[in-house]
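Going by our numbering, the residue at position 48 of the sequence shown is 112; the numbering climbs one at a time, nothing skipped.
For every residue, glycine included, the Cβ atom is placed at its ideal position computed from N, Cα and C.
Notes follow once the structure below has been shown.
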Amino acid sequence: MQQRSSDPVRRAAVITHGKPLTIGPALERLEKVAEEAGVELLLPDDEVEKHGVGEAEQDLTGADIAVVL
Numbered sequence: 065m066q067q068r069s070s071d072p073v074r075r076a077a078v079i080t081h082g083k084p085l086t087i088g089p090a091l092e093r094l095e096k097v098a099e100e101a102g103v104e105l106l107l108p109d110d111e112v113e114k115h116g117v118g119e120a121e122q123d124l125t126g127a128d129i130a131v132v133l
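This is the structure:
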């Protein structure tokens, strides 16, 4: 049996392990879903540079969850 957290996810750290072409549309889809759900995506400097999206966030410790693509 799974238990659901009573705390909603509001901030998600995003890490990718591939090149932009390898990731394909996954990051764009994640951004859309996050926006619809009211979730702020946190990306470290290297991810912002690699994918040219978002604003760099140095401190990912405030994230409720990590999304790895």
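Residue i and residue j closer than 8 angstroms at C-beta
i, j, result
"residue 76", "residue 132", "no"
"residue 80", "residue 114", "yes"
"residue 107", "residue 127", "no"
"residue 105", "residue 95", "yes"
Supposed contact pair residue j and residue i - C-beta distance, whole angstroms, cut 8 angstroms
i, j, result
"residue 103", "residue 73", "6 angstroms"
DSSP beta-bridge partners of residue i
i, result
"residue 94", "Bridge partners of residue 94: none, in fact."
"residue 75", "104"
"residue 129", "76"
Proximal residues to residue i (C-beta, below 7 angstroms), its chain only, five neighbours per side dropped
i, result
"residue 90", "133"
"residue 111", "78, 79, 80"
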